[in-house]
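Protein chains in written order, with our numbering: chain A, 21 to 260; chain B, 21 to 260.
All residues carry an ideal CB built from backbone N, CA and C; glycine is no exception.
This report concerns only the one structure given below.
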DNA sequence: CGGTCAGTTGAGAACTTTCAACATGGGTGG
DNA sequence: CCACCCATGTTGAAAGTTCTCAACTGACCG
């Protein structure tokens, strides 16, 4: 199950068998499973360990007093919830499940041990943290300066590449297991407008959506239409 | 000049004289000064050292092919450009000056030395990095789910608290040295709409703007109107 | 004094939201 | 097995927000 993380980090550096075993062992600990709409951790709570998504989609989100909800980022299989949270006293946002989610709880001690004994993993985790920050910055651009169709197209490109990195795409397709309302909460749009924007993208032939299966027949075309530049995902194998 | 950084970190932990001296020494190296609209570093370039803003306002920004520009974050005196950039091969965004800016270039070696010898600084820098990430997340919420007046009000609250943390406020006021166009590029709004929104905030008595001096007569009122919750700035002195 | 930049204003256009109704499909209880 | 329920997706139309364009003002500078 934690092969997703191994595979993700493998995009940046070459992990040894010992590195791989260490990751597998770290994920062997406590494991939890929750239903959609349940929270992994809530704003205001004190984080005690680092969570690794093993299966399903979760999200960071914030809810305003009057009920408006914004999804801040998607957490896909292989994603870690920041490795340094315990420096802070309390969460400033919540993490919730969008689908049934299985995740592992990794203790601070386990993480420290890995960091001490596996410099390559440490380095890869630094890369992962920087990419995560870059994704958040790109979302700022997305929400600030792209119109609905570009914005949604951009997200679909980003998710395709992220899922491909952990082996969860099939050809040009992947499973998009979230509702249109979720997409709206992530893109700062209403669910009605998401619906119409999806139709627009379908109408242009940029995507094919059958139930929950999304196909991007021509990734380059969708990227161009969405002003998507993958440089921020830093897939160039900087490591080693 | 680098007292701003010392003061900022002092919000989180108590630095020793030796810690303070180490920071001052680190900033004693190469120092550069640039004019507004010039870049400190450009997208695609290879970052070789960490920059510390000593004076003036800079910003991270991205420009789309068709010229649309989004400011991703403001860099204020005392702000460091991420301490781990050198893990990546190239910048995925640019950093540019909004006013005349003085900054120090801190080499990777210097930073490593500080990290090795001053655990309290290291810890405080971790806190600073987490707060920076939290700010970026909050901007996602801001752009996604707040209307113009709330959005701008939220930014003005955030900047007030950040500037106060480095000693750059005077009573209820601070200098807002950027143009309305800059504010628009940061908030995902047109400069025309920024202008009207500022008038709206002034009309409600939430802000007073005389030239470049901004006064927030009643911070709590502006916070309430903007749905601003300062928890994400993590000022609770978690450290020690 | 002319030029440039930042700020201001008005009006129409474009984009997005809201509301309300309806369609579809899977799951549950009778 | 069917009826019903509920969540999700779809559609239309009006309302609201924000943008664009274009003109104009004021301040500063050479």
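- With fewer than 16 other Cβ atoms from the protein chains shown falling within 10 Å of its own Cβ, residue 212 (chain A) counts as exposed.
- Listed along chain B, no residue sits closer than 7 Å to residue 77 (chain A) by beta-carbon distance, the nearest being about 17 Å off.
- Membership of residue 126 (chain B) in the beta strand (DSSP E) is indicated by the continuous run 121 to 127.
- With fewer than 16 other beta carbons inside 10 angstroms of its own, residue 233 (chain A) counts as exposed.
- For residue 69 (chain A), the uninterrupted beta strand (DSSP E) run begins and ends at 69 to 75, by DSSP.
- Interface residue (Cβ-Cβ distance to chain A less than 7 Å): residue 154 (chain B) is classified as such.
- In the DSSP annotation of this structure, the continuous segment of the beta strand (DSSP E) that includes residue 90 (chain B) starts and ends at 89 to 95.
- Taking C-alpha positions only, residue 200 (chain B) is separated from residue 50 (chain A) by approximately 51 Å.
- Bounds of the beta strand (DSSP E) holding residue 83 (chain B) are 78 to 83.
- By the rule that beta-carbons nearer than 7 Å mark a contact, residue 230 (chain B) does not touch chain A.
- Taking the Cα positions, residue 115 (chain B) is about 13 Å away from residue 76 (chain B).
- In the DSSP assignment, residue 117 (chain B) is bridged to B:78.
- Considered as a whole, the stretch 162 to 234 of chain B harbours 168 to 185, 200 to 207, 211 to 223 as its complete alpha helix (DSSP H) runs of no fewer than 4 residues, in chain order.
- Those residues of the stretch 111 to 140 of chain B placed with their C-beta closer than 8 Å to a C-beta in chain A are 112, 113, ordered along the chain.
- For residue 189 (chain B), the closest of B:236, B:120, B:125 by C-alpha to C-alpha distance is B:236.
- Taking C-beta atoms as the reference points, residue 170 (chain B) and residue 247 (chain B) count as a pair closer than 7 Å.
- The count of Cβ pairs closer than 8 Å, one atom from the stretch 67 to 86 of chain B and one from the stretch 100 to 108 of chain B, reaches three, so the stretches are in contact.
- Apart from the 5 residues on each side of it in sequence, residue 54 (chain B) sits with its Cβ closer than 6 Å to the Cβ of 117, 121 in its chain, given in chain order.
- Here residue 35 (chain B) carries a coil assignment [DSSP, helix/strand/coil].
- Near chain A, meaning a CB-to-CB distance below 9 Å, the residues of the stretch 82 to 109 of chain B are 82, 84, 85, 86, 88, 89, 90, 91, 92, 93, 102, 104, 105, 107, 108, 109.
- Within chain A, the residues whose beta carbon sits less than 7 Å from that of residue 146 (chain B) are 104, 107, listed in sequence order.
- Just so you know, the alpha carbons of residue 156 (chain A) and residue 92 (chain B) end up roughly 10 Å apart.
- Within the stretch 156 to 175 of chain A, 156, 157, 159, 160, 161, 163, 164, 165 place their CB atoms closer than 7 Å to a CB of chain B, listed in sequence order.
- Membership of residue 27 (chain A) in any beta strand (DSSP E) is not indicated; the residue belongs instead to the alpha helix (DSSP H) covering 23 to 30.
- Rounded to the nearest whole angstrom, the CA to CA distance from residue 220 (chain B) to residue 111 (chain B) is 38 Å.
- Around the beta carbon of residue 41 (chain A), a 10 Å sphere encloses fewer than 16 other beta carbons of the protein chains shown; the residue is thus reported as exposed.
- When the Cα atoms are used, residue 183 (chain B) and residue 162 (chain B) turn out to be separated by approximately 19 Å.
- The closest CA to that of residue 22 (chain A), considering only A:83, A:125, A:197, A:180, is found on A:125.
- Following the DSSP letters along the chain, one finds residue 242 (chain B) inside the alpha helix (DSSP H) bounded by residues 239 to 245.
- A contact is defined here as three or more CB-CB pairs under 8 Å, and the stretch 79 to 90 of chain A meets this definition with respect to the stretch 203 to 210 of chain A.
- Under a criterion of Cβ atoms nearer than 7 Å, the residues of chain B adjacent to residue 256 (chain A) are, in order, 109.
- When rounded, the separation of the alpha-carbon atoms in residue 254 (chain A) and residue 27 (chain A) is 15 Å.
- The three-state reading of DSSP puts residue 255 (chain B) in coil, since its state is none of H, G, I, E or B.
- For the options A:140, A:123, A:58, A:119, the alpha carbon positioned closest to that of residue 34 (chain A) is the one of A:140.
- In this structure, residue 245 (chain A) keeps its C-beta atom at 7 Å or more from the C-beta atom of residue 164 (chain A).
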